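Which chain is which? The protein sequence lines are A and B, in order. Here the first sequence is numbered in my numbering, starting from 6 and rising by one per residue. Here the second sequence is numbered in my numbering, starting from 2 and rising by one per residue.
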Amino acid sequence: MAASLVKTRAAFVIAKILAIAFVLFLGALDARPSAAATEAQERAALEARQAQLFQAMLRNPGDLDATFAYADVSARLGDYEAAVSALERMLLFNPNLPRVDLELGALYFRMGSFAVAESYFDKALAQNPPPDVRARIAEYLAQIRGALSRHHVTGYFLFGTQYQSDANVAPGSATIQSPIGTLLLAPQFVKAPDNNFFMSGSVIYDYDLETQNRDAIEVTGVGFMNHYFIFDRLDLDYGEVTAGPRLNFPHLPGVSGASFKPYVILNEVGLGENQYFWTYGAGLEYDEIVWHDLALRAVAEARQKHFANAPDRPLSTGLNGHDTVVSLTAVKPITANSALSAQFDFLNQDTVLPFYSNNTYGVSGAYHIRYPTPRAILPNFWESTFFLSRSWSYYAAPDPCCNTSGSPFFFSPSNRFDRHWRFGLTQSLIITPRLALVLQVQRDILSSNLSLYGYTSDSVLLGPQIRF
Amino acid sequence: MIAIDGSSLEGALSRWAAAALFAVLVLAPPPAGAAQERIGVDTAVNPNASAALPGSGLRRMVLGEDVVYNERIVTTEKGQTQVLFVDQSAMSVGPNSNLLIDRFVYDPNTKTGQLAASLTRGVFRFVGGELSKHGNQVTLKTPAATIGIRGGVFLARQDCTSERGKCDGKLSVVFVYGIGLTVTGDNGVSQTITRPGFEVVVPGSGLSPSSPFPASLGLTGRLLVALDGHPGAHGGAQTIPTDNDVANSGVSGNISGNVAASINAAASNTPPPPKPPNTDVGNLQNQFNVNTVQGQSQTQNQSPPPPPPETVSGGFARTHGNATTAGYRQPQTPYSGGTLTDGVFTVAIGSGMVQIPLAAGFQSFGPAGTESPLGRVTGTSFLALDGSFFYADLTPVGQPSEREFIYGGQPVNAGFYAPTGAPRFFAFNLAPDGALQSVIPFLRQQTGGLLADPVVSPLFISAPANASFAGPIFDTGAPFARSLQASLAINGQGAGQSSVIVLFVGNPLATSPQPSLQGQIAGSFLASGTSLPVGISSFASTPQDGNGVSFYGGSALSGFVLAGTAGEQTAGSGPITSYNFEEPANAVSLPAGVGASQTSQTLSGFFGGIMTRESGSPLSYAVTGTSSITTDATNLRVGATFAGADPFTGESSGVRSLALQFGGLTGGTALGQAYIDDNLFAALQNPSVASQVNGNDANGSSIWMLTSDVVPSAALLPNGVSFCQCQFLKWGYWGGALSSPEGETTRIDAAHINTWVAGSQPTSVGDIATLQGSNVTGTYTGALVGTVNNNGAQYLAAGGLNATYHFATQTGNFQVVNFDGHSFAAAIPAGNLSGSSYSFGFNTGAFAGNVNGGFFGPLAAETGGNFAFHALAGSPYLAAGIYTAKR
C-alpha cells in the first residue's frame, strides 16, 4: 500500500515537471508574434502589387514584363490560376517557349492537376530545352509518375536501441503469495533492467481504384523485431498485415473527408525463439472531419488469437480467445503546426483461462507540435509529442496465481484489477524530409491488486527513422 | 452550359449579395451606355479570330481591345484568343469555336457577380478569377449541356455533328482544378466531377452526361495544343517573348525553381496520402500480454540440470527452545559441500559443523565422534541403500531439550522427471518430526499427534504416463503428478472419544532451479466429545537446499523433506497457533493394489454428518444430501459436489441448503486435489467454485474429503460388525469449516469428521423391474458409520446394518445393530422407490429419522445411503452418517 502511494506520488511529480516544461515550451514558441505580423504585411504588399500589375496588363496585354511579374507575384500569393492565365497567354504570343511550358507544368503540379502538368512538361521536352530546364522537368516528372500511379507505397523504418528499467515487466518484489504458499520468484522474474536493439517498420500500399471519390484498396504492414541483451526470452518478432477497400464519401452533408474501410487482419508474433501467437480477424474504420478541422476516427476490430506454448511458456495457450477492440480518436489542429489528440479505447479479451479474460478501458491524449530547429543547430524541423494515457483492466475470474485471503492458511484468490499510467515525450529531429532521429522517453506504471503484476518501468528509445 | 462556382465554403452573406445583384442586372435592362462597358480585354489574338457586338457584323479582334456584354467570339481553323476579364478570370478559345459572352456582372468591392457564356462549338478553357473563387456562379452553356464550376480550371470541347446540321454533338469536359464541376444535360441529369483530371462526356443534346472517369492524356494534350498557340502565330503581340526573356524574367525562381514549395503546394491541393499504421514500440509488451510472469515464462529451469555434484547438499534445522510446541525454526539452513566418507558425514553449517555417522537403513548413534552447532549429539539416522538420501534427528548431549535435524543427498536425475509412457506410482514413509516428536505427521502432540493406534498412510505419488512428473506452478489443466497422504486416529467410544484426521494433497511442481513438492495440509482434532474441534491448515513444500535441490535420489526418487508452518485454530474463529514441521520421507515399497485401477467415472451417492455453527452460540445440527464425485484418470483429477441441507432443524440452524465444492476437473483447481487411483483420492475446497451456505458463497472455506481406503480403520466397529467389502460403493470422510455471509454478519459452520458414500453403477431400471417381477426380497448386511451429538458431546460411532427389501412391494426392514449402543428396526413403508433410489422416514418410538439410499451394481447387489435420526424423548441425541451393505 505504502509502496503504491510512493509510486503514485512519484508519477504525479514527474507529470507535474513535464507539464511545467511543456507550458514553458509552448510559451517560448508563442513568443514569436512578430513573424506572423511581418508575413501579413508582406502578403498585403504582394496583393497590392498583383492588382497593380493586373491593371497594367489590362491596359497593355502585350507588356511582357508586367505579365511575367504578374505571374511571379500571383504564384508567390498562391494564386496559381492567375499565374496560369498570364503564362498561357505567353504561349499564344510564342508557342515555342519551353521555359513557359516548364512554369505552367510546375503551376499545374502545384494545383494537383498532374495530367495537365505532365502534358506541359512533355511539350517542353519535345522542344529540346536547355539542360537546366530538362533537369528540372525530370524532377517534376519523377514526382508526377508517383502521383499518377495507381500504386502508392508510404511508410517508415525505425531502428535503434531501447533501455528499460524493468525490461521483463516484472514486479519489484521477489515474493508472491501463490497457491502453494509464499513463493520466491526466480531472479529472472524479478524486475531487472536491460537494453535491446530493435527494428520496426510500417508500410501502407494503396491501389487507386480510379473512382472519382479516390476509393482505394489499402494494404498495411507492420513489422517489429527486437533482441535483448539479457532477457532474450523476451525477444519479440511481430508482423501484421491488414487489407481492405477504403471507400470515400466526400459529399456527406456536414462532414468532409468521410471514409469507411472494412479490412481483414492477419498477424504472427514470436516470443523468444518460438511462435507466441497468431491472429486473424476483421475490422471497420470510419474517418471524418467535422467542424472544419476536427478529425474523428472510429475503429472496431475483432480478432481470434491462437497462442502456442513453448517450453518456457506452458500457460500461453490459456490466452487463446478473441479480442474485441473499439477505439475512438479525435485530432484537433491547434495551429498550423500543432495538434491535440484524444483517444478512447475499449478492449475485451475473452480467453480460455477465465482469469486472463478482461475488459480494459483506456483514455489517452497527446500534443504534437512541429517547429523550426532551435538556434539552427540542424536544418529543417523538430517535432515533439507529449503523451499521457490511463487504462483500467478488470479481469473476469479469480487469478489462481496469488493468495489474497490475508491468511497463510486459507487460499482465496481474487480477480485481478490493473491500472496503468503511461506518459512521456517523443522527440523527432527532422534531419531531412526522409530522415529523422527519434528519441522517446516514457514511464509506465502498472498498479495491480495482485502484486505479481505491478511494475514501474522507465524507458529511453533512440534511433533513426527513415520515411518513404 | 458550363458553370464555374466559387468555393462552397463562402458564407451565405456573399451568396445573398450576389443573388441581389443578379436580380438587379437581369430584371432591369442595362442602361444604354452599360452595354458598351468593358468587362474584359482581348489579351491575345491569333489570326482569324473575330468578334461581333450585338447587332453588328463580325470584326477582326485586336490585342488590347475591350470585350463587352453579349460579345460573340468566333474563330476559324487557325483562330485562337484569350479574354481576360476584370475579375481576373480568363477564357481561352481555340480554333473553329463560337462563344457568346451572355452575361458578366462583377462588383470589385464585394467580389460578387456572375459570368455566363455559351459555347456553340469548339474548344474552350476557363481559368477562374475572383468570381469563381468567391462562390459566384460561373456557367457555360453548350448545345449538349450546362456546366457550372466552383473555383478553378476546366477544359471543354463541343463537337458539331454535321449529319444533324447543327452543333449538338458530343461535349467533353475535363476538370483541371477546383472544388467541383457540374455538368447538367438537357434532360436534367447531372454529374459532378470533384477529382482533377476526370472527364465527363455528354454524347449529344438531350442525352445524359456520363459518370466521371479519368481523362485520357491524349485528350488533355490535344485540348492544350488547340488552346496554346500555334507556330507562326504571335497572338497579336508587338514584342514576341523568347525563352531568354522567360529566363531573364526570374519567374522560375518562385515557381518551377522552388521544387520543395511545389511539392508542398501539391500536397495541400490533393488529399493526404493514407498514413501507415503506427507501431508503438514502447507499448508492445503490454499490447501482447507479455506483461505477466505467466505470460513470459514458467519458473522452471531452462538449462539442463547440472551434473551431480561430488558433494552432498541438503538442509539443516534446529529448535530454539519449545521443540515440541513450535518445531524446528524456519527457514532452515540450506547447505552444500557436505561429504560422506567412510560412513561419516561432515558438513560446515554457518560457523559450525555437523559430523555424524551414517549407515544404510535406520541407525542410532551415540555422541562419539559427532559434532553439531550445539555440540556433540546422539541421534537416529536413515540412509538410503544407494546413499542418495539421508536424514538424521539429533539431540545435543549438552542441551537435551533441543533438537537438530539434518538431511541431504544427491539430486534426482533430470531423466526421472520425463514422461515414461506408463503411469508411475510411488510410496514414501513419512517419519516423525524430530522436534514435534508426534507419531502422526504434521501434528503437534497437543493436537492429536500422539493419539494411539493411528492409521498413517504412506505418502503416495501418482505420475501420468505421458506428461512431465512436475507441473507448472500455475495450473493449465495439463496432467502432472499428484501426491496424497493422510492419517486418522480414533480413540475411545462415546463422549470420551478423541479423534484426529489430517491429510496432505500436493503436486510435484517445476520450480526453479529444481522441481519440488508443494501442497496443502488440512485436518481436524477433537480432544474429547465435549471439546471444540481444532482445525489444522498449512501449506507444505520441499525446501530447496544449497544447490537448489528438493528431491534426492539419482535415477529414482529416494527421499525428500516436507516442511512448512502450520496453523491451528479452535472452532474456526479462535486465535491461530503456529508451529513448524519438517517431515522426512523415504521411499518404500508400493503397497499392493495401489494404482491397479484408474478409471474416469462419475460416482453418485449420499453424504451425512453433523456440523456445528461455531459463530454466536454453538449449535450442532445434522446435514444430509447427495454426493457426486467425478474422477479423470487421464489428467489425475477429481471433482466432487455435495448438496444437501439440515433435515430436521433448518429453521433453528439456519441451514436450508448446503453445497460443498471439492477439487475440480478443469484448469486452476489441480493444486488442491490428489487422485492416485480409484481407491485413493482426496480433494480440498475447489478454488474456482465457491461452496455455498443458503446460496451464499463461503469464500473462506477450508473443507476436505478423502476416501476411507487411504486411512482404513476399524476402530469404531463393534464386535461382530465389519464394513461392507463392496465392489461398487466407495465411502470416505469429509470435514472442514465454511465461512459465509449471513445478513450483516459472518457465520462459521464446521464439521469435524463426517462421511460420504458413492457408487459407480446405480442399478438399472431394468434390473429393478426384474427383481420386482421375480418377487425378490433382498437381504443386505453391512455397517453404518456416522457422527453423534449426544447431549452436547460429539463423537464418531459405527454399527451393524441388517436390511431386507422386497422389491415388488417396495417394503422392508432397516435394522440398526449396536450403533452407539442403540439397536432398533425401522419398517420401510411402501412407495419409497424412485428409479434405483429410495427414501423413507421412520419413527421407532424412541427415534425418528430419515434414510435416503440407492441400489448399486447388477440386480441391486449393493446398497448405500445416508441416515439421520434424533431421539424423541430424554436428552438431546442426534446422529447422521452413511451406510454400506451388500446382498
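A virtual CB, placed ideally from N, CA and C, is assigned to each residue, including glycine. Note that this is a predicted model, so its numbers are computed, not measured.
By DSSP, does residue i sit in helix, in strand, or in coil?
i	result
Pro403/A	strand
Phe346/B	strand
Ser211/B	coil
Pro103/A	helix
Pro258/A	coil
Lys128/A	helix
Thr195/B	coil
Pro859/B	helix
Ser551/B	coil
Lys142/B	strand
Val252/B	helix
Asp35/A	Residue confidence for Asp35/A is low, a pLDDT of 46 falling below 50, so the modelled location carries little weight; the figure read from the coordinates is stated next. Helix at Asp35/A.
Ile940/B	Outside the modelled stretch of chain B, which goes from 2 to 888, sits residue 940/B, for which no answer is possible.
Starting from residue i, find everything on chain B with Cβ-Cβ shorter than 7 Å and list it in chain order.
i	result
Gln474/A	This structure leaves residue 474/A out entirely; chain A is present only between 6 and 473.
Met116/A	Tyr178, Asn270
Thr159/A	Pro274, Pro277
Arg81/A	Asn255
Ala371/A	In chain order: nothing, as chain B lies at least about 11 Å away.
Strictly by DSSP, which residues pair up with residue i?
i	result
Lys171/B	In DSSP, Lys171/B forms no bridge with anything.
Ser365/B	Thr381/B
Met354/B	Ala349/B
Thr243/B	DSSP, once it has assigned bridges, lists no residue as partnering Thr243/B.
Asp633/B	Arg638/B
Tyr796/B	Val789/B
Phe164/A	Met204/A
Asn218/A	DSSP output for Asn218/A lists no bridge partner at all.
Please report whether the beta-carbon of residue i lies at a distance below 8 Å from any beta-carbon of chain A.
i	result
Asp246/B	yes
His235/B	yes
Ala216/B	yes
Phe663/B	no
Pro424/B	no
Val42/B	yes
Asn110/B	no
Gly189/B	no
What residues of chain B sit near residue i, judged by a beta carbon separation below 8 Å?
i	result
Arg104/A	Asp244, Val247, Ala248, Ser253
His156/A	Result: empty, since nearest Cβ-Cβ is about 12 Å, beyond 8 Å.
Tyr243/A	Leu285, Phe289
With a threshold of 8 Å between beta carbons, is residue i in contact with chain B?
i	result
Tyr212/A	no
Ser90/A	yes
Thr71/A	First, the amino acid is wrong: residue 71/A is Ala here, not Thr. So, not an interface residue.
Gly151/A	no
Asp77/A	yes
Gly67/A	yes
Ala335/A	no
Ser452/A	no
Glu123/A	yes
Please list the partners that residue i has in chain A, where partner means a Cβ-to-Cβ separation under 7 Å.
i	result
His231/B	Pro100
Starting from residue i, find everything on chain A with Cβ-Cβ shorter than 9 Å and list it in chain order.
i	result
Ala91/B	Glu86, Ala87, Val89, Ser90, Ala91, Glu93, Arg94
Exercise. Taking only runs that begin and end inside the stretch 733 to 782 of chain B, name each unbroken beta strand (DSSP E) of 3 or more residues, in chain order.
Key: 746 to 760
Quiz item: What beta strand (DSSP E) runs, 3 residues minimum, are completely inside the stretch 314 to 393 of chain A?
Solution: 326 to 340, 343 to 356, 363 to 377
Quiz prompt | Sequence ranges, beta strand (DSSP E) only - wholly within the stretch 378 to 430 of chain B, length at least 3 | solution = 378 to 384, 390 to 397, 405 to 410
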